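In the numbering used here, the protein residues as written are 11 to 267.
The C-beta atom is built at its ideal place from N, Cα and C for all residues, glycine as well.
Since we're looking at a predicted model, the values are computed, not measured.
Note sheet for the following structure.
As structure tokens, this is what we get:
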């Protein structure tokens with residue numbers, strides 16, 4: 011198994027370039043992040059080149075966080091802002107050779123929000139295709155993100171079908187899917203053709219994956235047996251220093267072989 015460090019949570023007390031170097035030192039094969047926009051592309055690029063780590067993904071901006079926004083692309087009336095955020099994310103991704111951009115939907119409900127999201131995703135996919143970038147959408151669980159537009163993989167399937175673009179895929183976060191739907195193994199098998207990236211964390215506390223109700227040795231074995239070989243994203247919230255929480259890496263790597 012190969013693992014990607016999600017630097018939105020791991021080493022998030024460091025600058026993004028410093029966090030990339032930490033991930034390399036601890037044996038990760040890749041990195042990903044949430045919002046790289048506070049850092050110069052040049053500085054991120056230098057850290058990636060120095061470590062040899064690929065950056066697998068990044069997110070569009072959340073919007074006005076002082077108002078609690080968590081994405082813009084399903085918000086009717088915010089299309090201009092949503093597309094500016096999409097353009098910015100694609101610019102960063104293209105410059106850093108990042109293959110995936112997660113377009114965040116935001117807090118919205120209803121048919122108009124769905125149409126807004128579909129149209130913004132079509133815009134994102136068309137622009138991203140020029141750089142061979144895949145657009146991802148991610149269901150977020152209703153406990154952590156009440157009223158987020160997208161909360162289940164079934165809804166994500168509907169959106170992907172409506173957008174009808176080859177470079178739109180599902181971000182399958184085992185943590186969110188377990189909380190909303192469960193049955194992780196069967197869902198991975200059924201959804202594999204549309205999965206663009208897989209993330210993980212313990213359930214229900216979103217901590218390191220060597221505790222909680224999900225047996226990740228089994229989950230990783232299922233993923234391996236499906237022929238999925240890309241690095242899996244460690245998107246968990248460490249308690250204390252990130253380095254002290256990494257005992258799971260070798261243990262789960264061995265158990266899943």
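Looking at the DSSP output, residue 209 bridges to 183, 243.
Rounded to whole angstroms, residue 257 and residue 37 show a C-alpha spacing of 12 Å. Within a 10 Å sphere around the beta-carbon of residue 76 sit fewer than 16 other beta-carbons, which makes this residue exposed. Comparing alpha carbon positions, the residue from 222, 229, 221, 200 closest to residue 209 is 229. In terms of CA proximity to residue 85, 120 leads the group 24, 220, 120. Taking residue 227 as the centre and dropping the five residues before and after it, the same chain places the C-beta of 262, 265, 266 closer than 7 Å to its C-beta, in chain order.
By the neighbour-count definition (other C-beta atoms within 10 Å, threshold 16), residue 234 is an exposed residue. DSSP places residue 85 in the coil class of the three-state scheme, outside both helix and strand.
In the structure shown, the three-state DSSP call for residue 47 is coil. Residue environment for residue 192: exposed (fewer than 16 other C-beta atoms within 10 angstroms of its C-beta). With a cutoff of 8 Å on beta-carbon distance, residue 33 and residue 63 are scored as near each other. For residue 42, the enclosing beta strand (DSSP E) covers residues 40-42. Proximity of the region 242-260 to the region 45-56 falls short of the contact definition, fewer than three beta-carbon pairs being nearer than 8 Å.
The region 87-155 contains, as complete beta strand (DSSP E) runs of 3+ residues, the segments 110-112, 144-147 (chain order). When secondary structure is reduced to three states using DSSP, residue 202 falls in the helix class. Under the 8 Å Cβ criterion, the region 125-140 counts as touching the region 168-187, having at least three qualifying pairs. In the structure shown, the three-state DSSP call for residue 226 is helix. Shown here for residue 106: same chain residues with a beta carbon closer than 7 Å to its own, the five before and five after excluded, namely 51, 54, 55, 58, 65 in chain order. With a threshold of 16 other beta carbon atoms within 10 Å, residue 185 meets it and is buried. By the neighbour-count definition (other C-beta atoms within 10 Å, threshold 16), residue 125 is an exposed residue. Taking a C-beta distance under 8 Å as the contact criterion, residue 90 and residue 100 do not qualify as a contact pair.
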